[in-house]
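Peer 1: I have a structure here, written as structure tokens, and I will follow up with some questions on it.
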Amino acid sequence: MSEAAVLPAETPEKINLAEDFETSGVAAILRELDEELIGLAPVKQRIRETAALLLVDRARKKLGLAHDTPTLHMSFTGNPGVGKTTVALKMAGLLHRLGYIRKGHLVSVTRDDLVGQYIGHTAPKTREVLKKAMGGVLFIDEAYYLYKPDNERDYGQEAIEILLQVMENHRDDLVVILAGYADRMDQFFASNPGFRSRIAHHIEFPDYTDAELLRIAESMLKHNEYSFDPGGQEAMRAYIAARRALPHFANARSIRNALDRARLRQANRLFEAGAPVDAQALSTLTRADIEASRVFAGGLAHERQAG
Amino acid sequence: MRITQGCFSFLPDLDDEQIRAQVEYCLRNDWAIGIEYTDDPHPRNTYWNMWGNPMFDLKDAAGVMMELDACRKANPDDYIKLIAFDSTRGFETVRTAFLVQRPKVEPRFSMTRTDVRGRSMTYTLSTVQP
Numbered sequence: 001m002s003e004a005a006v007l008p009a010e011t012p013e014k015i016n017l018a019e020d021f022e023t024s025g026v027a028a029i030l031r032e033l034d035e036e037l038i039g040l041a042p043v044k045q046r047i048r049e050t051a052a053l054l055l056v057d058r059a060r061k062k063l064g065l066a067h068d069t070p071t072l073h074m075s076f077t078g079n080p081g082v083g084k085t086t087v088a089l090k091m092a093g094l095l096h097r098l099g100y101i102r103k104g105h106l107v108s109v110t111r112d113d114l115v116g117q118y119i120g121h122t123a124p125k126t127r128e129v130l131k132k133a134m135g136g137v138l139f140i141d142e143a144y145y146l147y148k149p150d151n152e153r154d155y156g157q158e159a160i161e162i163l164l165q166v167m168e169n170h171r172d173d174l175v176v177i178l179a180g181y182a183d184r185m186d187q188f189f190a191s192n193p194g195f196r197s198r199i200a201h202h203i204e205f206p207d208y209t210d211a212e213l214l215r216i217a218e219s220m221l222k223h224n225e226y227s228f229d230p231g232g233q234e235a236m237r238a239y240i241a242a243r244r245a246l247p248h249f250a251n252a253r254s255i256r257n258a259l260d261r262a263r264l265r266q267a268n269r270l271f272e273a274g275a276p277v278d279a280q281a282l283s284t285l286t287r288a289d290i291e292a293s294r295v296f297a298g299g300l301a302h303e304r305q306a307g
Numbered sequence: 001m002r003i004t005q006g007c008f009s010f011l012p013d014l015d016d017e018q019i020r021a022q023v024e025y026c027l028r029n030d031w032a033i034g035i036e037y038t039d040d041p042h043p044r045n046t047y048w049n050m051w052g053n054p055m056f057d058l059k060d061a062a063g064v065m066m067e068l069d070a071c072r073k074a075n076p077d078d079y080i081k082l083i084a085f086d087s088t089r090g091f092e093t094v095r096t097a098f099l100v101q102r103p104k105v106e107p108r109f110s111m112t113r114t115d116v117r118g119r120s121m122t123y124t125l126s127t128v129q130p
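As you go down the protein sequences, you meet chains A and B in turn. Here the first sequence stands for residues 1 to 307, where the numbers follow the UniProt record's numbering. Here the second sequence stands for residues 1 to 130, where the numbers follow the UniProt record's numbering.
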């Protein structure tokens, strides 16, 4: 058989990658990613690279060049509250637009959803979750809890084996993303070499800088139609710096919680003032709302004693 | 004897691609899919063995196909059918069911006539395994 006969009847000679980028909807997702997520430059860069690779791969396929489905399983490592779940959601959309997963939904699970409580309970449970995730992305948060080295009878190992098997045999059907804190994920990969070799993309999420956190705070407020007055903004800047030094700092999640508490205080302040309020007053957080936080007093009482 | 029951049973057997397409249709309608198997295709045998629980909340046919393959491997010479359940009315209603595997040699049915009171006749249909 001649070479020409093997190729599909209508093989285009050239493919416009830039056009492909726009029409596939990938450009829109990346733009969304840029606009909605503050900071995270290295993560965005990696995602852009992955998207480029997949686009080129798709173009190769159209031209009849050799290609095999790339392994798309990933690991997201980073501290709490740096946006791993949010990015995973975007990733599912991206892979769907590129045609690497058929449905584009995200199934987010932790150890409890995969590992059973008695013998024979784990395998069906894990398979159930895997079946639900097929055609989309399976996001395993805090994946290292699956493996408990101190207990060799732990059922986590069984879940790991099924996961590995499906990750290998059903590469076309689902993408697995493991997420967790960097150091513990490293340990997890070291004791489960099977995972390391099956995961091609390791993406590290850096912590946010103070300036980025302030922008995140502002965008969160804007989303709820609140805003800082100048004093409030200044207080928030000081708050972020102080909060970072305290234990259990969870980046954007800490900020969200702080804002929720500030809104609580603002509501209380307006209520106690007893004066009529306008829209402006209802949507402004002031210095007092932020500075009443215990963070400025050096954290919670029991933490102060411990420190 | 070629058994005809459920949808599509007068057509040639569905291949995997066609089964997958049917499953996709069911999932698009938010139906749950169950897999059942038996060696006794008697028309009155309504209780086939369940291959695990019916699968709820699936988005893609790949999960069903994975279970179907496992069921075929474990029961290579049995009848297997897929059943789709619709829950819109508050209980799981069977919306479609179709055979996805038959044994290589299918059983026959035999009919026994029995004389009872007077000259009336009762009929018993039973499966004859090959």
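Glycine is no exception: its CB is placed at the ideal position from the N, C-alpha and C atoms. If you're wondering where the values come from, they're calculated on a predicted model, not measured in any experiment.
Who does residue 78 of chain A pair with in a DSSP beta bridge?
Peer 2: A:205
Peer 1: For residue 35 of chain A, which beta-bridge partners are listed by DSSP?
Peer 2: Note: residue 35 of chain A sits in no beta bridge, so no partner.
Peer 1: Could you name the residues that DSSP lists as bridge partners for residue 116 of chain A?
Peer 2: None; residue 116 of chain A has no bridge partner.
Peer 1: Please state whether the Cβ-Cβ distance between residue 177 of chain A and residue 139 of chain A is less than 7 angstroms.
Peer 2: yes
Peer 1: Considering only residues of the same chain and omitting the five flanking positions on each side of residue 34 of chain A, which have a CB-CB separation below 7 angstroms?
Peer 2: Beyond the five residues adjoining it in sequence on each side, residue 34 of chain A comes within less than 7 angstroms, by CB distance, of 44 in the same chain, given in chain order.
Peer 1: Measuring CB to CB, does residue 76 of chain A end up less than 7 angstroms from residue 182 of chain A?
Peer 2: no
Peer 1: Within 7 angstroms (strictly less), CB to CB, does residue 258 of chain A reach chain B?
Peer 2: no
Peer 1: In the DSSP assignment, find the beta strand (DSSP E) that holds residue 35 of chain B and state where it starts and stops.
Peer 2: 32-38
Peer 1: Provide the residue span of the beta strand (DSSP E) that contains residue 81 of chain B, from first to last.
Peer 2: 79-86
Peer 1: Given that residue 58 of chain B touches chain A, what residues does it touch there, using C-beta distances under 8 angstroms?
Peer 2: What residue 58 of chain B touches in chain A: 131, 132, 134.
Peer 1: Identify whether residue 108 of chain B lies in helix, strand or coil by the three-state DSSP scheme.
Peer 2: strand
Peer 1: Got a sec, what are the start and stop residues for the alpha helix (DSSP H) residue 200 of chain A sits in?
Peer 2: Premise fails: residue 200 of chain A is in no alpha helix (DSSP H) and is neither H nor E.
Peer 1: Using a beta-carbon distance below 7 angstroms, is residue 243 of chain A in contact with chain B?
Peer 2: Chain B, which has no Cβ nearer than 7 angstroms to the Cβ of residue 243 of chain A, makes this no.
Peer 1: Check whether the Cβ of residue 55 of chain B lies closer than 7 angstroms to any Cβ atom in chain A.
Peer 2: yes
Peer 1: Quick one: what does DSSP say residue 117 of chain B is sitting in, helix, strand or coil?
Peer 2: Coil, per DSSP.
Peer 1: Give, in chain order, every residue of the stretch 97-127 of chain B whose Cβ lies closer than 9 angstroms to some Cβ of chain A.
Peer 2: Residues passing the 9 angstroms Cβ filter: none.
Peer 1: Three-state secondary structure (DSSP) at residue 4 of chain A?
Peer 2: Low confidence applies here, because residue 4 of chain A scores a pLDDT of 46, under 50, leaving its location unreliable; read the following figure in that light. If DSSP states are grouped into helix, strand and coil, residue 4 of chain A belongs with the helices.
Peer 1: Could you give the residue range of the alpha helix (DSSP H) that holds residue 316 of chain A?
Peer 2: Outside the shown range of chain A (1 to 307) lies residue 316 of chain A, about which nothing can therefore be said.
Peer 1: Determine the chain A residues that contact residue 50 of chain B at a beta-carbon separation under 8 angstroms, and present them in chain order.
Peer 2: Result: empty, since nearest Cβ-Cβ is about 12 angstroms, beyond 8 angstroms.
Peer 1: With a CB to CB cut of under 8 angstroms and the five nearest residues on each side skipped, what residues in its chain are close to residue 53 of chain B?
Peer 2: 34
Peer 1: Which ranges does the alpha helix (DSSP H) cover as unbroken runs of at least 4 residues, wholly within the stretch 118-193 of chain A, from first to last along the chain?
Peer 2: 122-133, 156-169, 182-191
Peer 1: Would you say residue 63 of chain B faces chain A, with C-beta separation under 7 angstroms as the test?
Peer 2: yes
Peer 1: Residue 254 of chain A and residue 243 of chain A: beta carbons closer than 7 angstroms?
Peer 2: By the CB criterion at 7 angstroms, residue 254 of chain A and residue 243 of chain A fall inside the cutoff.
Peer 1: Does the beta-carbon of residue 119 of chain A have 16 or more other beta-carbons within 10 angstroms, so that it is buried, or is it exposed?
Peer 2: Exposed is the call here.
Peer 1: Closest to residue 231 of chain A by C-alpha separation, out of A:274, A:286, A:31, would be which residue?
Peer 2: A:286
Peer 1: Let me check understanding here. Comparing Cα to Cα, which of A:122, A:59, A:82 lies closest to residue 99 of chain A?
Peer 2: A:59
Peer 1: Would a C-beta distance cut-off of 7 angstroms place residue 159 of chain A and residue 126 of chain A closer than the cut-off?
Peer 2: yes
Peer 1: Using a Cβ-Cβ distance under 7 angstroms, would residue 173 of chain A count as near chain B?
Peer 2: yes
Peer 1: Going by C-alpha distance, which of B:104, B:32, B:13, B:6 is nearest residue 87 of chain B?
Peer 2: B:32
Peer 1: For residue 55 of chain B, list the residues DSSP reports as bridge partners.
Peer 2: Per DSSP, the beta-bridge partners of residue 55 of chain B are B:33.
Peer 1: Would you kindly work out how many angstroms separate the C-alpha atoms of residue 70 of chain A and residue 10 of chain B, rounded to a whole number?
Peer 2: 42 angstroms
Peer 1: Look at the Cβ atom of residue 92 of chain B, then the Cβ atom of residue 85 of chain B, and state whether they are nearer than 7 angstroms.
Peer 2: Contact flag set, yes.
Peer 1: Give me the chain B residues within the contact set of residue 170 of chain A, using Cβ-Cβ distance strictly less than 8 angstroms, ordered along the chain.
Peer 2: 62, 66
Peer 1: Within 10 angstroms of the Cβ of residue 188 of chain A, are there 16 or more other Cβ atoms? Answer buried if so, exposed if not.
Peer 2: By the 16-neighbour rule on beta-carbons within 10 angstroms, residue 188 of chain A is buried.
Peer 1: Taking the continuous beta strand (DSSP E) assigned at residue 93 of chain B, which residues delimit it?
Peer 2: 93-101
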